[in-house]
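Peer 1: The structure under discussion is supplied below as structure tokens; questions concerning it will follow.
Numbering (our numbering), first residue to last: 4 to 679.
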């Protein structure tokens, strides 16, 4: 992906105009950053409306400026602009309320009009005005937490992967300020030189945005860019599809949205947005219902969920909007790619679409925009149409985004071996991976195979109930393949995994309670416990320990790392209760001391790390835990290793006993008398 020259010298004039306007309003009218942007957008709509008319009213004469500056009669200018705004609201009635008013002082209004009256958006021969406004928005339209924006590098990358064509209809049902739509327009303009851009925007670009103010910004961006009116609907995209189609029919004469679009690019709301609880709305969605597992399949029940997160409903809505064979690029939290509780969602996606690719993004991707949620990009093709590479799935990861993972998102430039910033054709080169991954994907499309530093492919038959990059990484697949060649066995074949809670929890007695932090990981020992009445135990207290058991962690940030907690239960902790963050193993079919040794090996830890899911508190599902492969060398080797580990335990126990035998009697009174 060629690095775009977005903001060169040609933008200085229009960008400076926008910045001057913003700074003047912010300094003189006592408005918030958000209010300043709202007023600028209103006035830009007024100017666009005026440019469509023969009789121009968007201006301020020198005499009017003098009167306003001297505090004299201001009515002619003010009445003219207010009347123009009333007409603008009628023209763009889906973006404005009839009660909307201009909130600027007369002096500020005069300043803005004077700045903008020299710019002609309608007859602009290049995209300098659009680029300038885009950069201006990037600086000021973050709504306090940047919730309106997907980072531009992510947007442009998705468009480069999806590769929209000029005859394709494109929609973003959560379009915000139109980032994906705007980038798609630029892609078409760059790759199809002869296209009628105005006609393309008016007939091929569609967006839905629930927030009126944000939808205004999306629309004005296109007006400034190419004097074209995109089909952006201000609505909740999750309402009934027929109701949504009716709204679009009223605005764009589009009768049925279902199965209409060729391309869909979106970053739906997720994270702290909360769940949708409206029963009527949830009942319209398959993913608004509870799904029950039957064997390896999931069947939708008739029970409507009490609540569902919006991004999951958006997945279903996106697939509804696409025609068969249509392509989808969507930003989703990593948990949706891996968590066992969302396996039903991934089954649903696989039933409806072919997985084209998954790209893992670094955690800092969205930090400059207000959230540290870990996300990946999912690319799909709706089934029952022309298939793109059905047999292979592309995986890749981005490490370098080209900007700092802080609130400022400052650009990071590529440096040479001497630490000097690399400059080509007068431009600093952004240090990013997107270009390389786009190149990998294009190679993948040619050969249906790729293996590079950041990218790889697998057959679709290998794609099971998980979609995450780490699970399918070449290192992990090689590890599993090698263990299978060595005839490794599953953990559940060599030990019994305790699944029942202790009956002691139902009784009123005092117990010893063991937590994850009570393990000394270097020596497989429980080194502490807490004495508690059973009614004071935390809800996670679950399993009763027996001498000779092995406990190993299945939850927490350390699982699968060198700090993974595993311990052998000695007589001292017989009948203690442990947290459900452990799994308890007993009734071994191999020497337990070999298993104890194996649980600290890379063979075990890498599998745990591969299988673990969840960002806040990583965890290992019972199915994955029981299926971890255990390499069994020769019986002599097993006994040799077991003997060494067991002897180590015996020596430690002997040392403890010797320490217990030492009794030092100190005459405290005698020492006290000596000190006085």
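The beta carbon of each residue, even a glycine, is placed where N, CA and C say it ideally should be.
Would you grab the beta carbon distance between residue 270 and residue 180 for me? Rounded to a whole angstrom, and I think it's under 8 Å.
Peer 2: Contact doesn't hold; Cβ gap of about 11 Å is too wide.
Peer 1: In its own chain, which residues sit with a C-beta less than 8 Å from the C-beta of residue 24, not counting the 5 before and 5 after it?
Peer 2: Cβ neighbours of residue 24 beyond the five flanking positions: 43, 114, 115, 118 and 119.
Peer 1: Where residue 150 and residue 409 are concerned, what is the direct C-alpha to C-alpha distance, given to the nearest angstrom?
Peer 2: Note that residue 150 scores 45 on pLDDT, short of 50, meaning its location in the model is unreliable; the coordinates nonetheless yield the value given after this. Cα to Cα, the separation comes out at about 15 Å.
Peer 1: With burial defined as no fewer than 16 other Cβ atoms inside 10 Å of the residue's Cβ, what is the status of residue 148: buried or exposed?
Peer 2: Note that residue 148 has pLDDT 36, beneath the 50 cutoff, so the model's placement of it is unreliable and no number is given.
Peer 1: Does the Cβ-Cβ distance between residue 53 and residue 60 come in under 8 Å?
Peer 2: Yes.
Peer 1: Indicate whether the contact test is met: 3 or more Cβ pairs, each with one atom in the segment 316–324 and one in the segment 255–273, closer than 8 Å.
Peer 2: Verdict: yes, contact present.
Peer 1: For the segment 472–488 against the segment 619–629, are there 3 or more C-beta pairs whose distance is under 8 Å?
Peer 2: Short answer: they don't touch.
Peer 1: Cα-Cα, which of 374, 331, 336 and 94 is closest to residue 360?
Peer 2: Comparing Cα positions, the closest option is 331.
Peer 1: On a CA-only basis, which of 493, 564 and 553 is nearest residue 631? Give me that one, please.
Peer 2: Nearest of 493, 564 and 553 to residue 631, Cα basis: 493.
Peer 1: Grab the span of the beta strand (DSSP E) containing residue 264 for me, first residue to last.
Peer 2: Note, residue 264: beta strand (DSSP E), 264–269.
Peer 1: Assign residue 178 to one of three DSSP states: helix, strand, or coil.
Peer 2: The answer is coil: DSSP assigns residue 178 none of H, G, I, E or B.
Peer 1: Which of helix, strand or coil does DSSP assign to residue 615?
Peer 2: Correct three-state label for residue 615: coil.
Peer 1: If you drop the 5 nearest sequence neighbours on each side, which residues of the same chain put their C-beta closer than 8 Å to that of residue 124?
Peer 2: The answer, listed in chain order, is 50, 51, 54, 132, 226, 227 and 230.
Peer 1: Measuring alpha carbon to alpha carbon, tell me which of 444, 108, 555 and 654 ends up nearest residue 583.
Peer 2: The shortest C-alpha separation from residue 583 is found at 555.
Peer 1: Would residue 92 be called buried (16 or more neighbouring beta carbons within 10 Å of its own) or exposed?
Peer 2: Buried, because 16 or more other Cβ atoms sit within 10 Å of the Cβ of residue 92.
Peer 1: Given a threshold of 16 other Cβ atoms within 10 Å of its Cβ, counted over all protein chains shown, does residue 586 qualify as buried or as exposed?
Peer 2: Under this definition residue 586 is a buried residue.
Peer 1: Measure the CB-CB distance between residue 190 and residue 167 and report whether it falls below 8 Å.
Peer 2: A contact, by the Cβ cut-off of 8 Å.
Peer 1: Spatial neighbours of residue 287 within its chain, please: C-beta separation below 7 Å, excluding the five flanking residues on both sides.
Peer 2: The answer, listed in chain order, is 243.
Peer 1: Secondary structure at residue 280, three-state DSSP: helix, strand or coil?
Peer 2: Reduced to three states, the DSSP call for residue 280 is coil.
Peer 1: Residue 498: buried (16+ other C-beta within 10 angstroms of its C-beta) or exposed?
Peer 2: Buried.
Peer 1: Which of the three DSSP states, helix, strand or coil, is assigned to residue 625?
Peer 2: The answer is helix: DSSP assigns residue 625 an H, G or I state.
Peer 1: So what does DSSP say about residue 477, is it helix, strand or coil?
Peer 2: Helix, per DSSP.
Peer 1: Among the residues of its own chain, which have a CB less than 7 Å from the CB of residue 466, if the five just before and after it don't count?
Peer 2: For residue 466, where only same-chain residues beyond five positions count, the Cβ hits under 7 Å are 358 and 396.
Peer 1: Check this for me: beta carbons of residue 38 and residue 102, under 8 Å apart or not?
Peer 2: No.
Peer 1: Report the rounded CA-to-CA distance for residue 220 versus residue 485, giving the unit in angstroms.
Peer 2: In a straight line, the C-alpha of residue 220 is about 55 Å away from that of residue 485.
Peer 1: Run the CB neighbour count on residue 17, radius 10 Å, all protein chains shown included, and call it buried at 16 or more, exposed below.
Peer 2: Residue 17 comes out buried.
Peer 1: State yes or no: is the C-beta of residue 440 within less than 8 Å of the C-beta of residue 415?
Peer 2: For residue 440 and residue 415, no; Cβs fall outside 8 Å.
Peer 1: Distance check for residue 240 and residue 313, CA to CA, integer angstroms please.
Peer 2: Using only the alpha carbons, I get a separation of about 10 Å.
Peer 1: Excluding sequence positions up to five away, which residues of its chain have a Cβ less than 6 Å from the Cβ of residue 417?
Peer 2: The residues are 425, 432 and 434.
Peer 1: Between the Cα of residue 112 and the Cα atoms of 78, 97 and 454, which residue gives the shortest distance?
Peer 2: The candidate whose alpha carbon is nearest that of residue 112 is 78.
Peer 1: Can you tell me the Cβ-Cβ gap for residue 571 and residue 652, rounded? I've got them flagged as a contact below 8 Å.
Peer 2: About 6 Å; that satisfies the 8 Å criterion.
Peer 1: Using DSSP's beta-bridge definition, name the partner residues of residue 589.
Peer 2: Per DSSP, 499.
Peer 1: Can you round the beta-carbon distance between residue 165 and residue 188 to whole angstroms, since I take them to be within the 8 Å contact cut?
Peer 2: No, residue 165 and residue 188 are not in contact; Cβ-Cβ is about 13 Å, not under 8 Å.
Peer 1: DSSP three-state call for residue 663: helix, strand or coil?
Peer 2: Reduced to three states, the DSSP call for residue 663 is helix.
Peer 1: For residue 460, name the three-state secondary structure that DSSP assigns.
Peer 2: Residue 460: strand per DSSP, three-state reduction.
Peer 1: For the beta strand (DSSP E) containing residue 570, name the first residue and the last one.
Peer 2: Where residue 570 is concerned, the enclosing beta strand (DSSP E) stretches over 569–571.
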